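Mind the numbering: the sequence shown is residues 516 to 659 in my numbering, read in order.
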Amino acid sequence: MQETAETTTILWPLVVYGAIVLSLVLLILGLSYVLGQRGYARATGEPYEGGIVSAGGARIRFSSQFYMVAMMFVIFDVETIFIFSWAIAFPELGWYGYFGVLVFIGMLVVVLVYEWRNGALDFGPDGKKILAAYKRMLHKPSLN
């Protein structure tokens, strides 16, 4: 019988918390129903409705450069998580962890240089081409 008493004393705060959360959710939903607007526009029933009538389709082509940038963001974002977790555990890891994270950062620098050399970080036209076009435009005789 002692186990039941301990279980009851452990669970009652969880039950109270759940009741408070449920009552707040119902209160917020009820207030939004009572106080909310009742307008219906043309775009209200459409998927992904934002109050604006959509123009065009969602099936557009993205440059492959977009996907390369997205993958690099994910890679370097996950790298940040690893380095933060290393910084938190630094006192327990000691020099072994320090050299491990140096190797990890070194590998990331190698990957970044590789991506840079292959042109994965080139966005838009080349700067030299833009300057050449600008110089041609300046030296072009005017029609006046």
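Just so you know, even glycine gets a beta-carbon here, dropped at the ideal spot from N, CA and C.
None of the values given here were measured: they were computed from a predicted structure.
In this structure the region 581-598 does not touch the region 537-545; the number of beta carbon pairs closer than 8 Å is below three. Residue state for D637 is assigned as coil, using DSSP reduced to three classes. Cα atoms of G609 and V618: separation of roughly 15 Å, rounded to the nearest angstrom.
C-alpha of F581 to C-alpha of Y611: approximately 38 Å in a straight line. In this structure, the CA atom of K644 is about 16 Å from the CA atom of K655. For R632, the enclosing alpha helix (DSSP H) stretches over residues F605 to R632. Non-local C-beta neighbours of G634 in its own chain, meaning closer than 6 Å and more than five positions away in sequence, are absent. Between W601 and V616 a beta carbon distance of about 5 Å is seen, short of the 8 Å cut, so the two are scored as contacting. Contact annotation, L636 with E630: C-beta distance approximately 6 Å; criterion of less than 8 Å satisfied. Between the C-alpha atoms of W527 and G554 there is a straight-line separation of about 43 Å.
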